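Under our numbering, residues 82 to 470 are what the sequence shown spells out, in order.
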Amino acid sequence: MIIRNVKVYTEEKEFVDGEIVIQDGRIAAAGEEISGAEQTILDGEGCYAIPGLIDLHFHGCKGYDFCDGTKEAIAKIAEYEASVGVTAISPATMTLPVNELEEILAVAAEYKKEADAAGETAGCGGAADLVGVNMEGPFICEEKKGAQDERNIISCDAEVCRRFMEASRGLVKFVGIAPERNENAAEFIREMKDKVHISLAHTNADYDTAMAAFDAGADHAVHLYNAMPAFTHRKPGVVGAVSDSSHVNAEMICDGVHIHPSVVRASFKMLGADRIVLISDSMRATGMPDGQYTLGGLDVNVADGRATLVSNGALAGSATNLMECLKTVVQKMGIPLETAVACATRNPARCLGISDEYGALAPGKKGNVVLLDQDLNLKAVVKDGVRIR
Numbered sequence: 082m083i084i085r086n087v088k089v090y091t092e093e094k095e096f097v098d099g100e101i102v103i104q105d106g107r108i109a110a111a112g113e114e115i116s117g118a119e120q121t122i123l124d125g126e127g128c129y130a131i132p133g134l135i136d137l138h139f140h141g142c143k144g145y146d147f148c149d150g151t152k153e154a155i156a157k158i159a160e161y162e163a164s165v166g167v168t169a170i171s172p173a174t175m176t177l178p179v180n181e182l183e184e185i186l187a188v189a190a191e192y193k194k195e196a197d198a199a200g201e202t203a204g205c206g207g208a209a210d211l212v213g214v215n216m217e218g219p220f221i222c223e224e225k226k227g228a229q230d231e232r233n234i235i236s237c238d239a240e241v242c243r244r245f246m247e248a249s250r251g252l253v254k255f256v257g258i259a260p261e262r263n264e265n266a267a268e269f270i271r272e273m274k275d276k277v278h279i280s281l282a283h284t285n286a287d288y289d290t291a292m293a294a295f296d297a298g299a300d301h302a303v304h305l306y307n308a309m310p311a312f313t314h315r316k317p318g319v320v321g322a323v324s325d326s327s328h329v330n331a332e333m334i335c336d337g338v339h340i341h342p343s344v345v346r347a348s349f350k351m352l353g354a355d356r357i358v359l360i361s362d363s364m365r366a367t368g369m370p371d372g373q374y375t376l377g378g379l380d381v382n383v384a385d386g387r388a389t390l391v392s393n394g395a396l397a398g399s400a401t402n403l404m405e406c407l408k409t410v411v412q413k414m415g416i417p418l419e420t421a422v423a424c425a426t427r428n429p430a431r432c433l434g435i436s437d438e439y440g441a442l443a444p445g446k447k448g449n450v451v452l453l454d455q456d457l458n459l460k461a462v463v464k465d466g467v468r469i470r
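Here it is in structure tokens:
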């Protein structure tokens with residue numbers, strides 16, 4: 082396939098007029114006009130051509146949730162995500178009993194094994210590739226539980242963590258903890274940090290406790306600002322610790338609900354764009370009508386794009402996919418498109434350790450390309466060199 086007449090997003094985070102050549106599902110060339118053999122031609126009509134997006138923290142969509150624990154749920158989620166330009170996914174778990182989480186992870190591992198056997202990297206046909214799992218629970222705290230079920234919260238435990246990793250056959254890429262909940266948190270981090278990324282998630286840690294966790298080797302922050310102490314001038318908390326820890330990457334939900342646009346802009350200035358990963362944190366209501374749904378076994382009401390717990394009104398994930406978040410962060414929050422694309426492609430690819438195949442339009446990478454018009458409306462999705470939308 083040759084995708085012509087497009088503005089190609091380069092590894093220098095710039096757009097250049099040109100074309101993209103895809104052979105055998107891989108990008109053969111990308112950039113200024115390229116001469117090649119006769120192939121299927123896709124006229125991009127002047128659209129932006131960007132890599133397929135990568136969502137490394139979300140729960141579900143189209144009525145399905147990753148924690149449903151079925152291959153059907155994963156397949157339906159992966160199909161929807163690919164249809165909106167998210168071609169690689171790392172779904173998040175909720176705070177559930179340990180044995181249930183093991184079963185969910187085992188199903189995910191089996192789904193991936195079957196996809197690999199079918200000749201795909203981690204997905205099938207027009208579905209997003211399953212490239213990881215982000216464990217948001219159960220090692221969190223009650224005070225900042227958000228939409229997590231506190232009945233299933235436990236302190237971080239290396240043996241339990243190893244059980245999760247074994248059940249997933251290495252698919253778990255992130256494990257979230259609340260370090261203040263366990264005096265042995267630093268020991269846990271040092272023991273596990275070379276096996277999996279340790280995140281600070283749903284935590285009430287103060288600045289010193291968060292810094293101790295990052296100094297021990299934690300390197301990721303789950304949805305910055307949400308489910309953690311506020312960032313203030315005398316108590317900088319987790320946000321301040323993230324700012325002062327240059328090796329830490331931070332997720333941000335830019336759906337227009339979770340974080341004020343001014344705070345998003347300030348965060349890009351404070352952390353730098355290379356450390357920010359855009360996520361959707363979407364739940365099963367995404368792509369569905371307003372109404373009542375569930376998340377982690379808790380009832381959630383969705384109205385006007387806002388998902389909240391029926392019990393107390395707390396935010397319960399989002400009802401927005403990552404492509405819509407990308408559009409929002411550019412058009413309503415003032416982040417340049419070139420910067421936002423990197424935060425939804427190359428940055429998550431690096432965090433997941435999959436930059437050799439994903440996150441850029443460069444020779445050798447998977448042929449996952451998304452075309453957006455000048456208003457950032459989705460015009461086409463190419464997955465492994467085949468147009469699926």
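In this text, a Cβ means the ideal position worked out from N, Cα and C, and glycines have one as well. Note that the structure is predicted; figures quoted are calculated from it, not measured.
So is the beta-carbon of residue i under 7 Å away from any non-hydrogen atom of the ligand PLP?
i	result
M351	You won't find the ligand PLP in this model; it holds no ligand whatsoever.
Leaving out five residues on either side along the sequence, give the residues of the same chain with a beta carbon under 7 Å from the beta carbon of residue i.
i	result
C237	F220, I258, N263, A266 and F269
Q120	M82 and I83
A109	V102, I103 and P444
H328	D300
C424	A354, I357, V358 and L359
Return the bridge partner residues of residue i from the DSSP annotation.
i	result
N215	A173 and F255
A302	L281 and A331
L396	T389
S236	In the DSSP output, where bridge partners are listed per residue, S236 has none listed.
C142	Y145
K464	V467
S324	None, per the DSSP bridge assignment.
S164	According to DSSP, which records beta bridges pairwise, S164 is partnered with nothing at all.
E100	G112
I135	A169
L36	No information on residue 36 is available, as it lies outside the stretch 82 to 470 that the chain covers here.
K152	BP columns for K152 are empty, so no partner.
K447	R107
F220	I258
S363	S399
In chain order, what residues of the same chain lie with their CB nearer than 6 Å to the CB of residue i, ignoring the 5 residues before and after it?
i	result
A47	No answer is possible for residue 47: it lies beyond the span of the chain, which begins at 82 and ends at 470.
P178	N233
E162	I170 and A209
V391	D380 and N382
E224	N285
A297	A267, I270 and R271
G166	L134, M404, V451, L459 and V462
T202	In this prediction, T202 scores a pLDDT of 47, lower than 50, which makes its location untrustworthy; the coordinate-derived value is nonetheless stated afterwards. The residues are D210.
L155	The residue asked about is misnamed: residue 155 is Ile in this sequence, not Leu. Once the five neighbours on either side are set aside, the close Cβ partners of I155 are Y192.
Please work out which residues of its chain come closer than 8 Å, Cβ to Cβ, to residue i, disregarding the five sequence neighbours upstream and downstream, and give them in chain order.
i	result
V97	K88, V89, T91, G112 and E113
E231	T176 and E223
L252	L186, A189, A190, K193, L211, G213 and V214
T409	C335, D336, G337 and T401
In the DSSP assignment, the alpha helix (DSSP H) including residue i goes from what residue to what residue?
i	result
Y192	V179 to A198
E405	L403 to Q412
A110	Note, A110: premise wrong, no alpha helix (DSSP H); beta strand (DSSP E) at R107 to G112.
I122	Counting along the chain, I122 falls outside any alpha helix (DSSP H), though it belongs to the beta strand (DSSP E) covering I122 to D124.
M292	Y288 to A297
F312	Looking at the DSSP string, F312 is not in any alpha helix (DSSP H), and its letter there is neither H nor E.
V422	L418 to A425
V344	P342 to L352
How far does the beta strand (DSSP E) with residue i in it reach, from first residue to last?
i	result
G90	Looking at the sequence provided, one finds Tyr at residue 90 rather than Gly. Run containing Y90: I83 to Y90, per the beta strand (DSSP E) assignment.
V374	Just to set this straight, residue 374 is Tyr in the shown sequence, not Val. Unbroken beta strand (DSSP E) run through Y374: G372 to L376.
Y129	Y129 to P132
V451	V450 to L453
N263	No beta strand (DSSP E) holds N263; DSSP gives it neither H nor E.
V381	L379 to A384
V358	I357 to I360
Take residue i as the anchor and find which of the options has the nearest alpha-carbon.
i	options	result
A28	A421, C242, M246 and I158	A question about residue 28 goes unanswered here, because the residues of the chain that appear run from 82 up to 470.
Y129	L442, I469, L252 and V467	L442
A421	L457, A154 and S436	L457
C242	S324, M216 and L433	M216
I435	G99, K254, R250 and V411	K254
R85	E95, E93 and G99	G99
K276	A110, L433, G466 and G445	L433
S399	Q412, T375 and D300	T375
A308	R427, H283, A294 and K447	H283
L418	A354, K194, D325 and A302	A354
N449	I357, I131 and V411	I131
H278	T426, R468, A302 and Y145	A302
I357	I416, E153, P310 and S164	I416
Q412	N428, G377, V345 and E438	V345
M292	A430, A322, A311 and T151	A322
The segment 354-369 touching the segment 127-145, judged by at least three CB pairs closer than 8 Å: yes
Next on the checklist: Counting beta carbon pairs with one atom in the segment 390-405 and one in the segment 309-322, are three or more of them shorter than 8 Å?
Outcome noted: no
Is the segment 367-374 in contact with the segment 338-348, if contact means three or more CB pairs nearer than 8 Å? Look at the beta carbons and you see the segment 367-374 not touching the segment 338-348: under three pairs across the two are nearer than 8 Å.
ask   = Can at least three beta-carbon pairs, one atom from the segment 141-161 and one from the segment 445-453, be found at a separation below 8 Å?
value = No, they do not touch.
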